[in-house]
Amino acid sequence: MRINVHAGHNPDGMTGCGGIGIIKESTENRKVKDEVIRQLQALGHTVYDCTVNDGRNASDVLKKIVAKCNANEVDLDVSIHFNGSRNDYVGDGKTGGTEVFIYSADSAAASYAAGVADAIADLGYTKRKDNTYPVAGVKLRPGLYVLKHTKAPAMLVECCFTDDKDDVERYDYKSMASAIVRGITGTSAADEEAPEEDLTPEEGAVSGEAGQLYRVQVGAYAVKDNAQKMLQKLKAEGFDAIIVSA
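The sequence shown maps to residues 22 to 267 in the numbering used here.
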C-alpha cells in the first residue's frame, strides 16, 4: 500500500498544538506516528510523513497537512490524534477509550478504521460509539477538515484520552502504533520481527547459560477474552503458548 501518515497539530508549546493532560498530545502523537511509519515501511509499504511542525495557527496547520497529503497518490490517509476533555485525573476504573473518524459510511477507509478500533480495543480501551455509524469505535465526521479535503480515503485516529488516568496507565506508544498498523494491514512489524526459523541455533551450537529461560511476549491485554483469542490464534499456528497473569 501507499499511505500518508501524519501527527495532528503543531508541536507542543506552539500556537495550534494539541491538548495537554497527564500526557501531551503533540508529543505522543508524534511518537506514535514515527513508530507507525517505521513498522509500515518494515512491512514493505510506501509511507509519506505529512506532519506539519511550522503552522502559524491551527487553521494553517490543517491546510498545510492537506496540501502535503494531496501531493501524494496514496491508498489511505491516516491522521493520528489523542482525545481530551475527560478530566479524569484520579481514575474511575473506566477508560475514555478510542474512536476513529471517517468521512462517510461508504468511504474506503471504513474497514481500516474498524480494524484499527478493534486492535486498540485489544489493548484494553473501550470502543466509543454514537449513532452516526453502526460499528463501535468508528464514527462519521464529515465536517473535519482533513477528512473533508484529502483526496484519498482518510481516517482520523483518536488513540485514547490524554486526561484520563485509566487510559494513560494502559498507554505506551509502541503498542499503540502496533495496534494501528495491525488494524490497517492485519499484522505489524512487531509480529514479524522474530521468524521462527531465525530462532533455532545450528546443531551442536551452545546458546545462553545453563538453566536460563527466555520468554517471548506477543501481547498484553486488559480484557481476558482478547488474550484468549490470541492464545487460540497462536495455537492454531502451531505455537506453544499459555496465558500468564501479571
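Note that CB positions come from ideal geometry on N, CA and C, so glycine has one too.
Beta-bridge pairing of residue i - partner residues as DSSP gives them
i: residue 185; result: 109
i: residue 69; result: 25
i: residue 35; result: Answer by DSSP bridge pairing: none, since residue 35 is not bridged.
i: residue 78; result: In DSSP, residue 78 forms no bridge with anything.
i: residue 98; result: 25, 175
i: residue 161; result: 123
i: residue 104; result: 182
i: residue 148; result: 119
i: residue 41; result: 45
CB of residue i within 9 Å of CB of residue j, strictly
i: residue 190; j: residue 120; result: no
i: residue 123; j: residue 88; result: no
i: residue 137; j: residue 86; result: no
i: residue 159; j: residue 198; result: no
i: residue 79; j: residue 210; result: no
i: residue 200; j: residue 143; result: yes
i: residue 117; j: residue 147; result: yes
i: residue 3; j: residue 81; result: Shown here, the chain extends from 22 to 267; a query on residue 3 therefore has no answer.
i: residue 65; j: residue 140; result: no
i: residue 114; j: residue 187; result: yes
Close Cβ partners of residue i (< 6 Å) along its chain, the five nearest in sequence each way excluded
i: residue 67; result: 23
i: residue 39; result: 30, 46, 47
i: residue 69; result: 25, 93
i: residue 83; result: 166
Reference residue i; option with closest CA among the options
i: residue 104; options: 181, 146, 160, 156; result: 181
i: residue 128; options: 61, 173, 109; result: 173
i: residue 185; options: 85, 97, 102, 109; result: 109
i: residue 98; options: 75, 115, 133; result: 133
i: residue 55; options: 155, 25, 92, 94; result: 25
i: residue 71; options: 42, 94, 163, 63; result: 94
i: residue 193; options: 41, 203, 42, 53; result: 53
i: residue 195; options: 35, 100, 50, 153; result: 50
i: residue 41; options: 59, 177, 183; result: 183
i: residue 44; options: 69, 206, 106; result: 106
i: residue 17; options: 153, 28, 149, 212; result: Since the displayed the chain opens at 22 and closes at 267, residue 17 lies outside it and no answer follows.
Beta-carbon proximity list for residue i, same chain, < 7 Å, skipping 5 on both sides
i: residue 74; result: 31, 32
i: residue 156; result: 135
i: residue 125; result: 161, 163
i: residue 224; result: With a pLDDT of 47 at residue 224, under the threshold of 50, the modelled position of this residue cannot be trusted; read the value that follows with caution. Closer than 7 Å at the Cβ level, and outside the excluded window around residue 224, lies no residue.
i: residue 171; result: 87, 90, 91, 98
Residues near residue i by beta carbon distance below 8 Å, same chain, minus five either side
i: residue 207; result: 136
Checklist line | Uninterrupted beta strand (DSSP E) stretches inside the segment 112 to 143 (no shorter than 3 residues) | finding: Unbroken beta strand (DSSP E) stretches of 3 residues or longer found wholly inside the segment 112 to 143: 120 to 123, given in chain order.
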